[in-house]
Amino acid sequence: MLEIKNLYCQSADGKEILKGVNLEIKPGELHVLMGPNGSGKSTLSKTLMGHPSFEITNGSIELDGENITEEEANERAHSGLFVAYQYPVEVPGVNFSNFLRLAYNSSKSDKEKLPVFKFRKLLKEKAQELDFSESLLDRNLNEDLSGGEKKKAEILQLAVLKPKYAILDETDSGLDLDALKSVFQAVNNIIASEKKLGVLIITHYQRIFDYINPDYVHVLSDGKIVESGDRELIDKIEKDGYKQFKNV
204 MLEIKNLYCQ SADGKEILKG VNLEIKPGEL HVLMGPNGSG KSTLSKTLMG HPSFEITNGS
264 IELDGENITE EEANERAHSG LFVAYQYPVE VPGVNFSNFL RLAYNSSKSD KEKLPVFKFR
324 KLLKEKAQEL DFSESLLDRN LNEDLSGGEK KKAEILQLAV LKPKYAILDE TDSGLDLDAL
384 KSVFQAVNNI IASEKKLGVL IITHYQRIFD YINPDYVHVL SDGKIVESGD RELIDKIEKD
444 GYKQFKNV
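Each residue of the sequence shown is one higher than the last, beginning at 204 in this note's numbering.
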């Protein structure tokens, strides 16, 4: 279980952004987090992964009973946490395929590590499943990719690395309808094949619910989760917006 307990954090300039977030994600569950602009959604994703721009001032993050609150980002990744950010960074000079092979092997025992050719076969298989062009595998990491291609590259990383818990931070933003359908069909396929994967999708848009069926929906406002429910909560948001919820 991914447990976020009474989490407070502040930005580098001392501004408090998260103000007591509580959330539990069990293996196999799909959660969606929504909320108005500036409520702290992206800050939550970055804080969970240990982004240096944010300091946790209270509370804890536990992954399957292990307290990872003080761990570095790479240690959290090795523990089984994965975050796909809203704006994937371009890294010139770092080959995508080599990067992903090193990331894959870094969490494996010596017997499980894959040499170049075996990993390449695995990567091609996953790329084909996700309708990700094989020609992009030899690009530098996210360099000269379209917005949709960058988001697909993030989901390809998710498919290959097979974490325990995945946070998808506004993966739907900037996608046209075809790319949106393709990306979230891929997410559904990963969830179906990795039945113990816990997923938190952060989004602004109700349109993704045409492609996913969450177990829980949460509303984050002013640094706190102020409402939780099932799909019926989506209809309430669409009808009356966020101001109907407490503390908004």
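Note that CB positions come from ideal geometry on N, CA and C, so glycine has one too. Only a predicted model underlies this, so the values are computations on that prediction, with no experimental measurement involved.
Going by C-alpha to C-alpha distance, which of the options sits closest to residue i?
i: residue 363; options: 285, 342 and 438; result: 285
i: residue 292; options: 323, 343, 271 and 305; result: 343
i: residue 279; options: 296, 260 and 310; result: 310
i: residue 210; options: 350, 338, 257 and 232; result: 257
i: residue 158; options: 230, 221 and 219; result: Outside the displayed range of the chain (204 to 451) lies residue 158, so it cannot be described from this structure.
i: residue 494; options: 282, 441 and 220; result: The structure shown does not extend to residue 494, since the chain is modelled only from 204 through 451, so no value can be given for it.
i: residue 276; options: 356, 306 and 346; result: 306
i: residue 290; options: 248, 318 and 223; result: 248
i: residue 226; options: 213, 244, 216 and 215; result: 244
Tell me which same chain residues have a C-beta within less than 6 Å of the C-beta of residue i, skipping the five on either side of it?
i: residue 421; result: 236, 428 and 431
i: residue 377; result: 350
Return the Cβ separation of residue i and residue j in integer angstroms, given the expectation that the two are a contact with Cβ distance under 8 Å.
i: residue 358; j: residue 390; result: 6 Å
i: residue 314; j: residue 263; result: Not a contact, Cβ separation roughly 34 Å.
Does the distance from the C-beta atom of residue i to that of residue j stay below 8 Å?
i: residue 370; j: residue 251; result: yes
i: residue 288; j: residue 379; result: no
i: residue 206; j: residue 265; result: yes
i: residue 368; j: residue 228; result: yes
i: residue 234; j: residue 438; result: no
i: residue 386; j: residue 353; result: no
i: residue 304; j: residue 322; result: yes
i: residue 274; j: residue 253; result: yes
Can you give me the Cβ contacts of residue i inside the same chain, cut-off strictly under 7 Å, excluding the 5 residues immediately before and after it?
i: residue 340; result: 299, 300, 326 and 330
i: residue 360; result: 303
i: residue 388; result: 414
i: residue 295; result: 343 and 346
From which residue to which residue does the alpha helix (DSSP H) around residue i run?
i: residue 327; result: 319-332
i: residue 439; result: 435-443
i: residue 415; result: It is not in any alpha helix (DSSP H) - residue 415 carries neither H nor E in the DSSP assignment.
i: residue 409; result: Where residue 409 is concerned, there is no enclosing alpha helix (DSSP H), given that its DSSP letter is neither H nor E.
Which residue comes first and which comes last in the beta strand (DSSP E) that contains residue i?
i: residue 254; result: Per DSSP, residue 254 belongs to no beta strand (DSSP E) and is neither H nor E.
i: residue 495; result: With the chain covering only 204 through 451, there is no way to say anything about residue 495.
i: residue 287; result: 284-287
i: residue 292; result: Here residue 292 belongs to no beta strand (DSSP E), and DSSP marks it neither H nor E.
i: residue 393; result: Taken as a continuous stretch (DSSP letters only), residue 393 belongs to no beta strand (DSSP E), being part of the alpha helix (DSSP H) at 380-396.
i: residue 371; result: 368-372
i: residue 360; result: Here residue 360 belongs to no beta strand (DSSP E); instead the alpha helix (DSSP H) covers 350-364.
Cutting at 8 Å between CB atoms, please list the residues of its own chain near residue i, excluding the five before and the five after it.
i: residue 383; result: 375, 410, 411 and 414
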